[in-house]
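Visitor:
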Amino acid sequence: MNNVRKYPVGIQTFSEIRKGNYIYIDKTDLIWEMTRMKYIFLSRPRRFGKSLLTTTLDSYFKGQKELFEGLKIMDLETEWEQFPVIHVDLSVAKAETTVEGLRNVLFRLLNPYKDEYGEGAYESSPGGLFSGLIHRAYKQTGKQVAVIIDEYDAPLLDKLHIPETLEAFRNVMQEFFIQLKANEALIRFCFITGITKFSQLSIFSTINNLTNISMDAKYAAICGITEEELINDMAPDIAMLAEKYECTPEEMHGKLKKQYDGYRFAKKSPDIYNPFSLLKCFNQRDIANYWFESGTPTFLIRQMQHFRTDITTLERIEASATAFDRPPEAMNTALPLLYQTGYLTIKEYDRESNSYILSIPNNEVRTGFIDGLIPTYIGLDGSYVQDGFALKFWRALRKRDIDLAMKEMKAYFAGLPYVEGFQKKLEEVKNYEGFYEWSLYLIFSMLNVYVRTQVKCAGGRTDVVVEMPDTTYVLELKANGTAQEALDQINSKGYALPYETEGRQVVKVGVAFERETMTVGEYKVAAEC
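Going left to right, the sequence shown walks through residues 58 to 586 as the numbering used here numbers them.
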């Protein structure tokens, strides 16, 4: 008997997963509940199972009952009625750069349905063909149509900072999506997925009854893998990985939780694991950063640059729902895209103030995100920083060798290369401690060392706090001032007091940077047991 577990890595088609006996986390009870509605929109980050969800809906509306045997939906569905389905995946239009190219992709996606339902006269636009297909499918089958659109915003995201192209693309997509409203009477069910919400597209401006379930607690776990599902459905996989790592299943569970868990998509939401990374981890039998294999999206980096995002604030951001659930047209910070793309997630909700605390979900996101940002914010390749200075600096701090750590830091800042636009950035910030805070934050985050910047305390804000296994470092940085002044500020403001009862040695470090060389000048150290 073959007991090998099969992981659906790279497989997003429900029918293939079921026919191939791959592991499937059963969400069909939620899916059945969702199909009681008519027009639905769901936003989730990339590689979070949206495409699998759309293909499951495809099979359900086609009445493919045999694929659902043994799943929760079998206790709920009694009719298994078949409907015509038009299922379009717009992720294939992501790379298009011209309006004509976009129109051709839309035609190409609809062409297979012409073979089934025929082609009408005067359908010269994608929207015209889309509407015609809905009409003919309804007329030929006598059934309303199920419309499923995956990654509806893929053609637009990379155009966010190209206004003319964005507007032209948006006009094409409006003409396409407006058919959903025009043909409402012929549509049984319409499901749309994406990352963000373009309010000026017709799906949001003309479909008055579109239900956005993106932050609905009932559907918070419809994509991804919950703690309960991991324990109940994947215990053999945890045990297999634990054996390889020579640890207990309980210890392995903890490692997986730190690496891949931590997403929340509603006020009341279970913690959710990234399904792509978790399954690939089991398939590869290796805990690694899989979500970033295709890199950090360029549109997100551009948005962060455009709004001059302070990356040191990403560990804890307090915001209202309207601040991070905004359409691109209304964004005045990068916060909405950081949340919608999965780089930040909900960690807490305060009912009294109706506010949320957002943070980086887990170690995988923190490490991969920082690695993608280092070339932008520091000007060096991430692997160079991680394997070079960062590791040496971290080892020096582990040994409490402050002299060696400062020597490595001085060499690092002195060696920053010339990158187009970066030297200008250095000139702009050479009197600003924040630049050095950013640099240290990025470096420590890459090594999964707990680092915080601008930490609030009774006496003010500490520049940098680094927590090692047996030592807490409290650093005050001065771009205009002396190391002694920095150390005196730590003492007079009581920056170290919150850490003196935690059982670690507290080391206070005042660092002054030289204005001309932009590197470490002098430093003063004081340690307390």
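Glycine included, every Cβ here is placed at the ideal spot set by N, Cα and C.
Does the Cβ of GLN197 have 16 or more other Cβ atoms within 10 Å, making it buried, or fewer, making it exposed?
Guide: GLN197 is exposed by the Cβ-count criterion.
Visitor: Suppose the cutoff is 8 Å on Cβ atoms and the five residues either side in sequence are ignored; what does the same chain contact list for SER72 look like?
Guide: Once the five neighbours on either side are set aside, the close Cβ partners of SER72 are THR112, SER116, GLN121 and LEU124.
Visitor: Can you find the residues in the same chain that come closer than 7 Å, C-beta to C-beta, to LYS325, ignoring five residues on each side of it along the sequence?
Guide: So the list reads ALA274, once near-sequence residues are dropped.
Visitor: Rounded to the nearest angstrom, what separates THR135 and TYR170 at their Cα positions?
Guide: Using only the alpha carbons, I get a separation of about 28 Å.
Visitor: Is it buried or exposed for ARG101, if we count other Cβ within 10 angstroms and need 16 for buried?
Guide: Buried is the call here.
Visitor: Within a Cβ cutoff of 6 Å, which residues of the same chain sit near THR366, ignoring the five residues on either side of it in sequence?
Guide: ALA391, listed in sequence order.
Visitor: What whole-angstrom Cβ distance do GLN201 and TYR195 have, given they're in contact under 8 Å?
Guide: So it is a contact: roughly 6 Å between Cβ atoms.
Visitor: Would you say ILE130 and ILE88 are within 8 Å of each other, going by their C-beta atoms?
Guide: Yes, they are a contact pair.
Visitor: Roughly how many angstroms lie between the CA atoms of LEU461 and ASP527, to the nearest whole one?
Guide: Near 18 Å, if we compare the C-alpha coordinates of ASP527 and LEU461.
Visitor: Leaving out the 5 sequence neighbours to the left and right, which residues in its chain are closer than 6 Å to CYS83 when beta-carbon positions are compared?
Guide: Before going on, a small fix: residue 83 reads as Asp here, not Cys. These residues qualify, in order along the chain: LEU128 and LYS129.
Visitor: How many angstroms separate the CA atom of TYR475 from the CA atom of LEU371?
Guide: For TYR475, the predicted model reports a pLDDT of 45, less than 50, meaning its position is unreliable; a value from the coordinates is still stated below. Answer to the nearest angstrom: the Cα atoms are 27 Å apart.
Visitor: In its own chain, which residues sit with a C-beta less than 6 Å from the C-beta of GLU533, not counting the 5 before and 5 after it?
Guide: Contacts found: ASP520, ALA543, GLN546, ILE547 and GLY567.
Visitor: Output yes or no for whether 8 Å exceeds the beta carbon distance between ASN419 and GLN511.
Guide: Result no, Cβ atoms of ASN419 and GLN511 do not sit closer than 8 Å.
Visitor: One question on the structure: do TYR330 and LYS337 come within less than 8 Å of each other, judged by their Cβ atoms?
Guide: In this structure, LYS337 does not lie closer than 8 Å to TYR330 by Cβ.
Visitor: Give the range of the beta strand (DSSP E) segment to which PHE570 is assigned.
Guide: Its beta strand (DSSP E) spans residues 562-570.
Visitor: Within the chosen definition, does the stretch 216-229 reach the stretch 356-364 through at least 3 CB pairs nearer than 8 Å?
Guide: A contact exists between the stretch 216-229 and the stretch 356-364.
Visitor: Which residues in the same chain have their Cβ closer than 6 Å to the Cβ of PHE333, if we skip the five residues on either side of it in sequence?
Guide: ARG104.
Visitor: Tell me whether the beta-carbon of MET525 lies closer than 8 Å to the beta-carbon of LEU454.
Guide: Against a cut-off of 8 Å, the Cβ pair of LEU454 and MET525 comes out as a contact.
Visitor: With a threshold of 8 Å on Cβ separation, who are the neighbours of ARG342 within its own chain once the five nearest residues in sequence on each side are excluded?
Guide: Taken in chain order, the residues that qualify are MET297, LEU298 and LYS301.
Visitor: Whose C-alpha, out of LYS550, ARG572, LEU147 and GLY551, is nearest the C-alpha of ALA536?
Guide: Residue ARG572 is the option with its Cα nearest to ALA536.
Visitor: Just to confirm the assignment: which complete beta strand (DSSP E) runs, minimum length 3, are found wholly within the stretch 107-190?
Guide: With a minimum length of 3 residues, the continuous beta strand (DSSP E) runs that stay inside the stretch 107-190 are 142-146.
Visitor: Using three-state DSSP, classify TYR81 as helix, strand or coil.
Guide: Coil, per DSSP.
Visitor: In whole angstroms, what is the alpha-carbon distance linking PHE246 and LEU114?
Guide: Approximately 10 Å, taken between the alpha carbons.
Visitor: Please name the residue in GLN562, THR574, GLY578 and VAL577 whose C-alpha comes closest to that of ALA48.
Guide: The requested residue 48 does not occur in the structure, where the chain is confined to residues 58 to 586.
Visitor: Give the C-beta separation of ILE252 and ARG321 to the nearest angstrom, bearing in mind that I take them to be a contact with Cβ-Cβ under 8 Å.
Guide: Actually they do not touch by this definition, with Cβ atoms about 17 Å apart.
Visitor: Please check the pair VAL145 and ILE235, which I expect to be a contact at CB under 8 Å, by giving their CB distance rounded to whole angstroms.
Guide: Contact doesn't hold; Cβ gap of about 15 Å is too wide.
Visitor: Decide if ALA242 is buried, meaning its Cβ has at least 16 other Cβ atoms within 10 Å, or exposed.
Guide: Its Cβ having fewer than 16 others within 10 Å, ALA242 is exposed.
Visitor: Could you give the uninterrupted runs of the beta strand (DSSP E) lying entirely in the stretch 290-340, keeping only those of 3 residues or more?
Guide: Listed in chain order, there is nothing to give.
Visitor: Can you have a look at LEU313 and say buried or exposed, based on whether 16 or more other CB atoms are within 10 angstroms of its CB?
Guide: LEU313 comes out buried.
Visitor: For the stretch 222-272, list the alpha helix (DSSP H) runs that are entirely contained and at least 4 residues long, ordered along the chain.
Guide: DSSP runs (the alpha helix (DSSP H)) wholly in the stretch 222-272: 259-262.
Visitor: The beta strand (DSSP E) spanning ILE374 covers which residue range?
Guide: Counting along the chain, the beta strand (DSSP E) containing ILE374 begins and ends at 374-376.
Visitor: Return the first residue and the last residue of the beta strand (DSSP E) that LYS535 is part of.
Guide: Per DSSP, LYS535 belongs to the beta strand (DSSP E) from 528-535.
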